[in-house]
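Numbering (the UniProt record's numbering), first residue to last: 1 to 365.
Quick notes on the structure that follows.
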């Protein structure tokens, strides 16, 4: 490879890595926003719109303090937005060796590109969050001038945050002139990548991303009720699902979101609540089955039960038990919020979905 070609590749290094990252992100986002998840999002969005229309115009004062739920919701929403949008250098650990002598190129070319691109994306995220929060801000009664002030503060804080990270990357206390702070830069870049991959791992298999296992000792008493002597594979599957941090955390968050949505649409037609519950069960079922694929890579599982059909049947039984537990909780909430009719309809809908899941698994044998 000629020195000229090497120079061209080095000068376009940030663009090349940004394009590779964008292609990878697009691939995983397609897996996330599949048809089934879009249906769930549409139902959730409709429920939020109904909730907003029902609560519109109400002060929603909290405990007589003068602080309203609208104000608290706006603060939480903006805090979430500020958490997003960091300096994206796309540096790798190997860069410390292979481009160690190119500090001045990184300082004058590579890092400024990363800074300006990150600033553009970070500001864009704040604008999107601000626009989406306008219906909430309207209910707070703020005047237009205060909306401008809030937007300015959001942009200023995000600018300061990205600028701080940029200064940390290009500062070395042992040298007077600007140079790459490799320790901080590599650590920050790896943290950004790990956050992305952990998010993608909630919905798809990410190469090189290990499965996070958490014991959850507070559930040990419950696990003791699961007998290994009667159905060892089912008992093992239940333990795997409970201790798989990604799968369980995602389903619990979805459950909490559905519970909030059920409360907000408690005065709506019963079939909306049943549809929301069916959507939750469907999405949760899809999120649990990747645990089976992960367990198939463990030799012990294959030795415990050599027959794939038996392993699939046992895992499906564990999934049914898992989903039924959440279904019972949701039916109880629906009954409390909306009455026996809505609770009964949701119970029948959930039983129908579980039967469909059972038949689909049986057909795969």
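For glycine and all other residues, C-beta sits at the position ideal for the given N, C-alpha and C.
Whole-angstrom distance between residue j and residue i, CA atom to CA atom
i	j	result
residue 163	residue 16	23 Å
residue 182	residue 96	7 Å
residue 278	residue 341	16 Å
residue 346	residue 41	19 Å
residue 44	residue 32	16 Å
residue 242	residue 135	38 Å
residue 123	residue 115	12 Å
residue 292	residue 328	24 Å
residue 22	residue 125	16 Å
residue 333	residue 343	8 Å
residue 8	residue 200	Unreliable positioning characterises residue 8 in this predicted model, as indicated by a pLDDT of 46, which lies under 50. A coordinate reading is not provided.
residue 280	residue 52	21 Å
residue 133	residue 161	21 Å
residue 178	residue 148	36 Å
residue 27	residue 191	21 Å
residue 106	residue 196	24 Å
residue 290	residue 120	36 Å
residue 20	residue 60	47 Å
residue 55	residue 198	35 Å
residue 276	residue 257	11 Å
residue 271	residue 39	16 Å
residue 350	residue 255	14 Å
residue 159	residue 167	12 Å
Nearest to residue i (by Cα), restricted to the options the options
i	options	result
residue 48	264, 195, 286, 271	264
residue 312	166, 288, 104, 33	288
residue 189	118, 344, 92, 178	92
residue 325	238, 158, 309	238
residue 314	276, 281, 18, 358	358
residue 170	27, 194, 11, 186	186
residue 57	18, 137, 106, 88	137
residue 89	194, 18, 75	18
residue 75	29, 151, 307, 250	151
residue 46	307, 262, 282	262
residue 234	153, 310, 165, 29	310
residue 285	256, 55, 250, 260	250
residue 50	348, 260, 102	260
Terminal residues of the alpha helix (DSSP H) in which residue i lies
i	result
residue 267	Neither: residue 267 is in no alpha helix (DSSP H) and is coded neither H nor E.
residue 135	134-140
residue 66	Run containing residue 66: none; DSSP gives neither H nor E here.
residue 148	144-169
residue 30	13-32
residue 316	308-338
**Prompt:** Are the region 53-68 and the region 96-112 in contact at 8 Å, needing three or more beta carbon pairs?
**Reply:** Judged by Cβ distances under 8 Å, the region 53-68 makes no contact with the region 96-112, as fewer than three pairs qualify.
**Request:** Indicate whether the contact test is met: 3 or more Cβ pairs, each with one atom in the region 68-88 and one in the region 134-148, closer than 8 Å.
**Result:** Judged by Cβ distances under 8 Å, the region 68-88 makes contact with the region 134-148, as three or more pairs qualify.
**Prompt:** Any contact of the region 267-276 with the region 334-352, i.e. 3+ C-beta pairs under 8 Å?
**Reply:** Flag = yes, the region 267-276 and the region 334-352 touch.
**Request:** Report yes or no: do three or more beta-carbon pairs, one from the region 352-359 and one from the region 312-323, lie closer than 8 Å?
**Result:** Because the criterion of three Cβ pairs below 8 Å is met, the region 352-359 and the region 312-323 touch.
**Asked** Should the region 82-101 be called in touch with the region 124-135, which here means at least 3 C-beta pairs below 8 Å?
**Response** Taking a cut-off of 8 Å for Cβ pairs, the region 82-101 and the region 124-135 touch, as three or more such pairs fall below it.
**Message:** To test your reading of the DSSP string, which unbroken alpha helix (DSSP H) runs of 4 or more residues are found completely within the region 85-134?
**Reply:** Listed in chain order, they are 95-98, 111-132.
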